[in-house]
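In the numbering used here, the protein residues as written are 2 to 462. Okay, so here's the structure we're looking at.
Here it is in structure tokens:
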């Protein structure tokens with residue numbers, strides 16, 4: 002009897018200390034409660050057989066005494082590392098300083114690096130987003146420009162000229178809406194056909210050559226409508242780049258009923274007018290977020306949330322067919338009668354299952370949240386209730402999207418027309434003038450080699 006009791010207690014103890022497998026679920030990056038505590042990350046195991054769906058505050062759990070920075074809006078997994086970008090390094094109500102930049106092991110959530118600064122000079126520069134370029138380099142967008150980040154040394158190498166904030170250095174406090182933090186910001190970034198497309202609050206879409214870290218073109222949103230601004234940018238499954246449209250560049254959250262499509266190869270544009278009754282994608286520059294504007298990796302489909310007020314009435318979700326250019330409402334939270342609303346930007350599409358994960362709340366003053374899982378047509382699959390806390394969730398992040406590929410062999414193969422060259426899946430030429438079998442010295446990754454009109458996909462270990 003005693004032996005059996007001992008074995009049972011030992012099993013319980015071992016289970017309590019078992020390492021969480023962070024490669025199968027969904028991360029929710031939270032702003033958390035500004036003025037009280039730093040940002041947090043929760044981990045959702047959506048199909049746990051015992052109903053133990055949540056692991057809360059996993060950064061603190063795996064790194065005692067370590068926390069993220071203040072209002073961490075963005076997270077991305079790239080080459081088995083999790084890059085978190087916060088607006089400031091420490092919340093005013095927190096006792097622990099985190100970082101504007103935090104890098105963690107994506108499989109263990111152990112923190113590898115933190116920095117309080119993005120601009121090495123110490124000038125005011127609040128974090129926005131991250132984009133992996135290759136295994137050695139990433140871009141960090143900010144309230145003042147896009148910065149090149151060395152992934153080997155965790156060193157900020159400098160700002161990309163032409164992405165800066167025209168009002169940078171005015172030294173106005175974070176709470177002043179006329180200050181540089183809310184004018185000329187750099188926001189979301191995507192890679193397509195070997196180019197980086199940046200949403201810039203004042204300029205529109207800035208096209209960057211990631212080989213030499215330089216601006217190659219600026220696409221003005223005045224081409225959509227006079228005085229228009231940009232919300233955010235995404236890449237559809239077919240490789241085309243899409244931008245949501247703001248009414249102006251002031252950051253009010255007002256929208257215009259358009260989408261802008263950009264051909265990533267020719268850089269030609271197409272303006273799509275949304276049907277009457279369809280709310281345009283929500284946007285937010287004043288309190289910047291990545292927005293709910295997102296694309297499926299499985300079908301040629303785009304999703305977004307919208308409402309009569311871009312930011313505070315996110316009750317409807319739309320599905321847009323890239324091929325037919327038609328939008329349809331697939332989620333109506335008003336019709337549910339449960340008084341839920343989508344919080345901010347917290348909605349993304351699972352890259353494998355094509356399911357939507359959405360964070361819901363009722364009122365800012367009520368610390369009640371849940372994460373809801375829908376199929377790709379907006380049918381509710383499961384609700385995941387949460388412990389009471391002012392989470393203010395920002396962004397779902399999927400470990401399954403960490404393949405480090407931002408394109409596909411089928412899509413890019415149409416544009417790879419230099420025989421005897423090796424490209425990575427972002428369309429960047431890595432080596433030219435090679436013969437079959439000559440790919441020594443290349444960085445590890447997945448590549449396409451094209452010679453004599455044949456594409457060969459191979460892996461460099």
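Glycine residues also receive a C-beta, built at the ideal position from the N, C-alpha and C atoms. Predicted model only: the values in this text are computed from it and were never measured.
{"query": "In whole angstroms, give me the CA-to-CA distance for residue 125 and residue 170.", "result": "7 Å"}
{"query": "When the Cβ atoms of the segment 235-246 are set against those of the segment 149-157, are three or more pairs found closer than 8 Å?", "result": "no"}
{"query": "Between residue 390 and the rest of its own chain, which residues show a CB-CB distance below 6 Å, the 5 nearest in sequence each way excluded?", "result": "368"}
{"query": "Apart from the five residues on each side of it in sequence, which residues of its chain come closer than 6 Å, Cβ to Cβ, to residue 263?", "result": "242 and 270"}
{"query": "Three or more C-beta pairs under 8 Å: does that hold for the segment 207-217 against the segment 271-281?", "result": "no"}
{"query": "In whole angstroms, what is the alpha-carbon distance linking residue 256 and residue 143?", "result": "22 Å"}
{"query": "Between residue 404 and the rest of its own chain, which residues show a CB-CB distance below 7 Å, the 5 nearest in sequence each way excluded?", "result": "Note that residue 404 scores a pLDDT of 41, beneath 50, so its modelled location is shaky; the value from the coordinates is reported in the next line. Around residue 404: no qualifying Cβ."}
{"query": "Note the first and the last residue of the continuous beta strand (DSSP E) segment covering residue 271.", "result": "270-274"}
{"query": "Would DSSP call residue 119 helix, strand or coil?", "result": "coil"}
{"query": "For the ligand FMN, is there any heavy atom lying closer than 6 Å to the beta carbon of residue 132?", "result": "Of ligands this structure carries none, so the ligand FMN is not represented either."}
{"query": "State yes or no: is the C-beta of residue 232 within less than 7 Å of the C-beta of residue 292?", "result": "yes"}
{"query": "Check whether the segment 286-301 touches the segment 327-338, taking contact to mean three or more Cβ pairs, one atom from each stretch, closer than 8 Å.", "result": "no"}
{"query": "Rounded to the nearest angstrom, what separates residue 74 and residue 375 at their Cα positions?", "result": "23 Å"}
{"query": "Please give the ranges of any beta strand (DSSP E) in the segment 202-271, keeping only runs that are unbroken, at least 3 residues long and fully inside the region.", "result": "205-210, 215-220, 230-236, 242-247 and 256-263"}
{"query": "What is the residue span of the alpha helix (DSSP H) that residue 334 lies within?", "result": "334-337"}
{"query": "Considering only the alpha carbon of each residue, which of 35, 48, 92 and 136 lies closest to residue 84?", "result": "136"}
{"query": "Hey, how far is the Cα of residue 1 from the Cα of residue 397?", "result": "Only positions 2 to 462 of the chain appear in this structure, which leaves residue 1 out of reach."}
{"query": "Give the DSSP-derived three-state secondary structure of residue 111 in the structure shown.", "result": "coil"}
{"query": "Taking the alpha carbon of residue 228 as the reference point, which residue from 240, 252, 218 and 207 has its own alpha carbon closest?", "result": "252"}
{"query": "Which residue from 205, 95, 141 and 310 puts its Cα closest to that of residue 121?", "result": "141"}
{"query": "With a 10 Å radius around its C-beta and 16 neighbouring C-beta atoms as the bar for buried, classify residue 20 as buried or exposed.", "result": "exposed"}
{"query": "Identify, in the order they occur along the chain, each residue of the same chain with its Cβ nearer than 6 Å to the Cβ of residue 345, setting aside the five sequence neighbours on each side.", "result": "290"}
{"query": "Classify residue 375 as helix, strand or coil using the three-state DSSP reduction.", "result": "strand"}
{"query": "In whole angstroms, what is the alpha-carbon distance linking residue 412 and residue 87?", "result": "With a pLDDT of only 33 at residue 412, under the threshold of 50, the placement of this residue in the model should not be trusted; the figure read from the coordinates follows. Distance between the alpha carbons of residue 412 and residue 87 is about 33 Å."}
{"query": "Drop a sphere of 10 angstroms on the beta-carbon of residue 107, count the other beta-carbons inside from all chains shown, and report buried for 16 or more, exposed for fewer.", "result": "buried"}
{"query": "Would you give the residue range spanned by the beta strand (DSSP E) that residue 320 belongs to?", "result": "317-322"}
{"query": "For residue 62, report the span of its alpha helix (DSSP H) as first-last.", "result": "59-63"}
{"query": "When DSSP builds the beta bridges, which residues end up paired with residue 133?", "result": "139"}
{"query": "In angstroms, rounded to a whole number, what distance separates the CA positions of residue 392 and residue 94?", "result": "15 Å"}
{"query": "Just to confirm the assignment, what range does the beta strand (DSSP E) spanning residue 190 have?", "result": "187-193"}
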